[in-house]
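Numbering (the working numbering), first residue to last: 1 to 171.
Below is one structure, written out as structure tokens, with a few remarks after it.
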Amino acid sequence: TLKNFELLSKTVKLFNQSLLVDSSSAFLIRYNIIEICDKQQQSNEKFTLVLNKNQIKVKQQEALEKLIETVLPAEHEEFKRRWENVQTLLQDKPMKNQLVSFFEKQNLDPNSFPLKINDLKKLRNNITHGSINKVNEEQLRKANILLYRISGILILNLMGIKEWKLNTEIK
1 TLKNFELLSK TVKLFNQSLL VDSSSAFLIR YNIIEICDKQ QQSNEKFTLV
51 LNKNQIKVKQ QEALEKLIET VLPAEHEEFK RRWENVQTLL QDKPMKNQLV
101 SFFEKQNLDP NSFPLKINDL KKLRNNITHG SINKVNEEQL RKANILLYRI
151 SGILILNLMG IKEWKLNTEI K
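Structural data, given as structure tokens:
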């Protein structure tokens, strides 16, 4: 507990705060507890390139010229900007989902959760970005119960208490 005192202080305050706010805010706070506890860094493994930088630039330009034909001319500049970002992402090998990896390190099995990790992420994105009309109230209710339980377990883990069981049944 002393080793993780600073992190515990922050997470316990947030945990308590999540009990005082509306359901959307509670969900975001509880999701944030998970993000705060997940301090692991994933290594970005790159693909092994067989061409030099100049050859790669030529191939990427050729690809852009083909792909840009699929977009309205009025959107070409925006597409080119997006293409710059995509090229960087394409160099990285796919990683294991960081959230899944974190839960597994906490001895939580995401496959046993009543909601999928992707559903939790979508819910978080919809609330964060103001797409409230896309939020299913029943899904939000279940997500809040799940994240409440997970947050409690994360706090126990920070205290060194490993004897707990996650109840995945939500009525």
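A virtual CB, placed ideally from N, CA and C, is assigned to each residue, including glycine.
What you are looking at is a predicted structure, and each value in this text was computed from that prediction instead of being measured.
Cβ pair residue i, residue j closer than 8 Å
i	j	result
isoleucine 36	proline 114	no
glutamine 87	glutamine 60	yes
leucine 166	arginine 149	yes
serine 112	threonine 168	yes
lysine 46	aspartate 92	yes
Euclidean distance between Cα positions of residue i and residue j
i	j	result
lysine 15	asparagine 126	Before going on, a small fix: residue 15 reads as phenylalanine here, not lysine. If I take the Cα positions, the gap works out to 21 Å.
glutamine 55	leucine 49	11 Å
glutamate 77	glutamate 84	11 Å
arginine 81	glutamate 65	13 Å
serine 18	arginine 30	7 Å
threonine 11	alanine 63	47 Å
isoleucine 34	serine 9	14 Å
asparagine 118	leucine 51	36 Å
DSSP bridge partner residues for residue i (one or two, in chain order)
i	result
aspartate 92	Lys46
Integer Cβ distance of residue i from residue j, believed to fall under 8 Å
i	j	result
leucine 89	phenylalanine 27	Incorrect: roughly 28 Å between the Cβ atoms, too far for contact.
asparagine 144	serine 23	6 Å
* Count the C-beta pairs between the region 140 to 159 and the region 101 to 119 that are closer than 8 Å, then say yes if the count reaches three, no if not. => The answer is yes - the region 101 to 119 touches the region 140 to 159, with three or more Cβ pairs under 8 Å.
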